[in-house]
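Visitor:
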Amino acid sequence: MPDGLGNRSAPDMGRRRLSDRVEAALADAHRHGWARVLSSVVRVTRDFDAAEDATQEAFAAAVRDWPRQGVPDSPVAWLTTVAKRKALDGLRRDEALARRLPLLIVPDEDDEPAPASSVADDRLQLIFTCCHPALALTARVALTLRLVCGLTTPEIARLFLVSQPTMAARLTRAKKRIRAAGIPYRMPTDHELPDRLPAVLAVVWLVYTNGHTASVGAGPGRAELVRLAGDLAATLSELMPDEPEVLGMLATIRLGEARGITRVDAAGDLVPLEEQDRTRWDQEAIRDGVALAHAAMRRTAGRAPGVYTLHAAIAAVHAEASSYAETDWEQIVALYDVLLTVQPSPVTGLARAAARSMIDGPAAALEDVERLAADPRLQDYYGLPATRADLLRRVGRNREAAAAYRTAATLTENEAERRYLSRRAADMDAAAS
Amino acid sequence: MKYMLMLFEPDTDWLSVPKDELDAALAEHSTFIAYLEQQGIPFSGAALRPSSAATTLRPDGDGALVTDGPYVELKENLGGYYVIDVRDLDEAIEVARKCPMGSGIEVRPIWDAAG
């Protein structure tokens, strides 16, 4: 649960302290129920702002009523009923106003061609509307965290290190654009899905990578972003259990979480994969993640595997290896080769070169890296000098390695990474003198 | 909702292109129009003569300054348009996919004068 809910509810609680049981039920309802409640209220309001208000009010009512009446048997159904009632009250109040506003295009239940789409859940309509490709990726991310995950605007602003007014304006613009452009509140049909799903997955991936690699410093929100991405991927896989790329995304996130604890040391410094204590990896999460990665591969049968399925497969090979040296590097390189045909990228090329060095040695990989260095897209990418530095160190060219580590340190925006690279540079200086 | 599909293409004087090329382009649009009719989608549209035939007016004091040429000089220009009446953006995109693509198609909602 985002830490904001507790703060938000505090004034409504009066002097009464919530019992642990009520507190836990509220947290669980917020984390797993927000999208369910809001997405069905949108059907009533045909307006996101009104639906947000009604959903918020329903949670406030729960904070007030649950301690007295006890937690209802089905908290989400309780919240949905209350939110819908609040929404209807609001509509009656604002009827004159509402008629002047362009409303969301919500198809009636009856004229929705039921067989056109094989999945039906209000949450999916919400997700696909928030992640419509006609919205900019940053707008999609903000909308998804607000409307699907139920974060407040200040929380989203904090997670993405932008000011509150900036984030508020971004959300307002995005909602306005949905209405003005006529983006509908409905599930894409099966034949639209291949075009629409990548736009959704890109949102989950951006949330995850912002938490996982934290390109902008080691903010306190990193773990929360990873958790949110995991929740989104879990929801998607629950709603679309046959989409291999959804499973691949969830697998990648689960495997990342399983190893997350060893990625930084007690001082908050980055620990490279090679030096991580594998006995501390979460074996249960690894089993889940590996099973999901296999499922994604199986469901791909006969087609080219998707990007996230390949990421999952690579993560699974790493997670199952007993040590860095005993990793199945042949398999990793083969997977990178497929990934390069599916989605050519010099960054993937770099990762492949690093993996190849474990088979053919650092000198051969260094040649690959020198070739990639000509790519203009890598000019300001810290990973290029960082990978080069590692290979130079391994062939004993310490002075050059030190210089490359230093270049990488000036290019990275991540504080933990910068400290790690600077330390390596100093080690190389010492080794060279 | 009504949408305009704005068809951009390299500036072309269709009078000077070989006949088979012109016929092929016309046939593509005939196919598209047949699709619109078969789907029962209300539409209108027109093809534009090249931007070399354009005349532009700009505010000039109380009057207007008239110049030859298009408002913006581009390599690709608005070559024609369709106005379609569909349910929402997803349907508009679906229809636009079937339209001869040229260099690109901009999909713009049209203000509903009644609304």
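Protein chains in written order, with this note's numbering: chain A, 954 to 1386; chain B, 42 to 156.
Cβ coordinates follow ideal geometry from the N, Cα and C atoms, glycine included.
On a predicted model such as this, the values are computed, not experimentally measured, just so you know.
Check each candidate in 1230(A), 1249(A), 1259(A), 1270(A) and name the one with the smallest Cα separation from residue 1239(A).
Guide: When only C-alpha atoms are compared, the closest one is 1270(A).
Visitor: What residue ranges within the region 1260 to 1340 of chain A form continuous alpha helix (DSSP H) runs of no fewer than 4 residues, ordered along the chain?
Guide: For the region 1260 to 1340 of chain A, whole alpha helix (DSSP H) runs of length 4 or above, ordered along the chain, are 1260 to 1273, 1282 to 1295, 1299 to 1313, 1315 to 1325.
Visitor: Does DSSP put residue 1114(A) in a helix, in a strand, or in coil?
Guide: In the structure shown, residue 1114(A) sits in coil (DSSP, three-state: anything other than H, G, I, E or B).
Visitor: Among 49(B), 42(B), 44(B), 72(B), whose alpha-carbon lies nearest the alpha-carbon of residue 118(B)?
Guide: Answer by Cα proximity: 49(B).
Visitor: I'd like to know whether the C-beta atoms of residue 1264(A) and residue 1336(A) end up nearer to each other than 8 Å.
Guide: No, the pair does not count as a contact, with Cβ atoms beyond the cut-off.
Visitor: Find out if the Cβ-Cβ distance for the pair residue 88(B), residue 121(B) is shorter than 8 Å.
Guide: It is a contact, given that the beta carbons lie within the stated cut-off.
Visitor: Which chain A residues are close to residue 42(B), counting only those with a beta carbon under 8 Å from its beta carbon?
Guide: Here the neighbours are 1058, 1135.
Visitor: So which residues on chain A does residue 83(B) lean against when the C-beta distance must stay under 7 Å?
Guide: What residue 83(B) touches in chain A: nothing, since even the nearest Cβ is about 16 Å away.
Visitor: Contact between the region 1078 to 1093 of chain A and the region 1122 to 1133 of chain A is defined here as three or more beta-carbon pairs at a separation below 8 Å; is this criterion met?
Guide: Yes, the region 1078 to 1093 of chain A is in contact with the region 1122 to 1133 of chain A.
Visitor: Closer than 7 Å by beta-carbon distance: list the chain A residues that pair up with residue 130(B), in chain order.
Guide: Ordered by position in chain A, the residues that pass the 7 Å Cβ test against residue 130(B) are 1087, 1134, 1135, 1136, 1137.
Visitor: Give the interface partners of residue 150(B) over in chain A, defined as CB-CB distance under 8 Å, in chain order.
Guide: Ordered by position in chain A, the residues that pass the 8 Å Cβ test against residue 150(B) are 1133, 1134, 1135.
Visitor: I need the straight-line Cα distance from residue 1325(A) to residue 1340(A), nearest angstrom please.
Guide: Cα-Cα distance, rounded: 11 Å.
Visitor: According to DSSP, is residue 1069(A) part of a helix, a strand, or is it coil?
Guide: Here residue 1069(A) scores only 42 on pLDDT, less than 50, and its place in the model should not be relied on; the value that follows carries that caveat. Residue 1069(A) falls in the helix class under three-state DSSP.
Visitor: Could you say which of 1385(A), 1330(A), 1362(A) lies nearest to residue 1353(A) if we only look at CA atoms?
Guide: Nearest of 1385(A), 1330(A), 1362(A) to residue 1353(A), Cα basis: 1385(A).
Visitor: Taking 8 Å as the cut-off, decide whether the C-beta atoms of residue 1223(A) and residue 1216(A) are in contact.
Guide: Taking 8 Å as the Cβ cut-off, residue 1223(A) and residue 1216(A) qualify as a contacting pair.
Visitor: Here's a check: name, in chain order, each residue in its chain whose Cβ is nearer than 7 Å to the Cβ of residue 941(A), leaving out the five neighbours to either side.
Guide: Examination of residue 941(A) is not possible in this model, given that chain A is present from 954 through 1386 alone.
Visitor: Taking the alpha carbon of residue 1286(A) as the reference point, which residue from 1318(A), 1014(A), 1273(A) has its own alpha carbon closest?
Guide: Nearest C-alpha to residue 1286(A): 1318(A).
Visitor: Could you check what DSSP says for residue 90(B) in three-state terms: helix, strand or coil?
Guide: DSSP places residue 90(B) in coil when its eight states are reduced to three.
Visitor: Below 8 Å on the Cβ atoms is my guess for residue 1249(A) versus residue 1204(A); work out the distance and round it to an integer in Å.
Guide: Confirmed, Cβ separation roughly 6 Å.
Visitor: Kindly indicate the opening and closing residues of the alpha helix (DSSP H) around residue 107(B).
Guide: No alpha helix (DSSP H) holds residue 107(B); the beta strand (DSSP E) holding it covers 104 to 109.
Visitor: Mind listing the chain B neighbours of residue 1145(A)? Cutoff is C-beta to C-beta under 9 Å, in chain order.
Guide: The answer, in chain order, is 131, 134, 135.
Visitor: Excluding the 5 residues preceding and the 5 following residue 1186(A) in the sequence, name in chain order all residues of the same chain whose CB lies nearer than 6 Å to its CB.
Guide: Within the same chain, residue 1186(A) has close Cβ partners 1157, 1202, 1203, 1206.
Visitor: Is residue 129(B) helix, strand or coil when you go by DSSP?
Guide: In this structure, residue 129(B) counts as coil in the three-state DSSP scheme.
Visitor: Work out the CA separation of residue 98(B) and residue 1359(A) for me, nearest whole Å.
Guide: If you take the alpha carbons of residue 1359(A) and residue 98(B), they lie about 58 Å apart.
Visitor: Using alpha carbons as the reference points, say which of 1139(A), 1253(A), 979(A) lies closest to residue 992(A).
Guide: Checking every option, the nearest Cα to that of residue 992(A) belongs to 1139(A).
Visitor: Might you give, ordered along the chain, the residues of its own chain that have their beta carbon closer than 8 Å to the beta carbon of residue 1333(A), omitting 5 neighbours on each side?
Guide: Within the same chain, residue 1333(A) has close Cβ partners 1364.
Visitor: In this structure, how does DSSP classify residue 1162(A) when only helix, strand and coil are distinguished?
Guide: DSSP places residue 1162(A) in helix when its eight states are reduced to three.
Visitor: In this structure, what does DSSP give as the bridge partners for residue 122(B)?
Guide: Answer is 47(B), 87(B), bridged to residue 122(B).
Visitor: Since residue 46(B) contacts residue 148(B) with CB under 8 Å, what's their CB separation in whole angstroms?
Guide: Confirmed, Cβ separation roughly 6 Å.
Visitor: In this structure, how does DSSP classify residue 145(B) when only helix, strand and coil are distinguished?
Guide: Of the three classes helix, strand and coil, the one that applies to residue 145(B) here is strand, per DSSP.
Visitor: Taking 6 Å as the limit between beta carbons, can you name the residues of its chain near residue 1183(A), skipping five residues before and five after?
Guide: For residue 1183(A), where only same-chain residues beyond five positions count, the Cβ hits under 6 Å are 1206.
Visitor: Give the DSSP bridge partners of residue 99(B), in chain order.
Guide: Answer is 106(B), bridged to residue 99(B).
Visitor: Cβ of residue 1242(A) within 8 Å of Cβ of residue 1266(A)?
Guide: No; because the gap between Cβ atoms is not below 8 Å, this pair is not in contact.
Visitor: Under 8 Å Cβ to Cβ from residue 988(A), same chain only, skipping five residues before and after it: list those, please.
Guide: Closer than 8 Å at Cβ, skipping near neighbours: 1076, 1079, 1080, 1100, 1101, 1102, 1103, 1188.
Visitor: List the DSSP bridge partners of residue 1217(A).
Guide: Paired residue(s): 1223(A).
Visitor: Which residue from 1257(A), 1262(A), 1278(A), 1351(A) puts its Cα closest to that of residue 1228(A)?
Guide: Minimum Cα distance to residue 1228(A) is reached at 1278(A).
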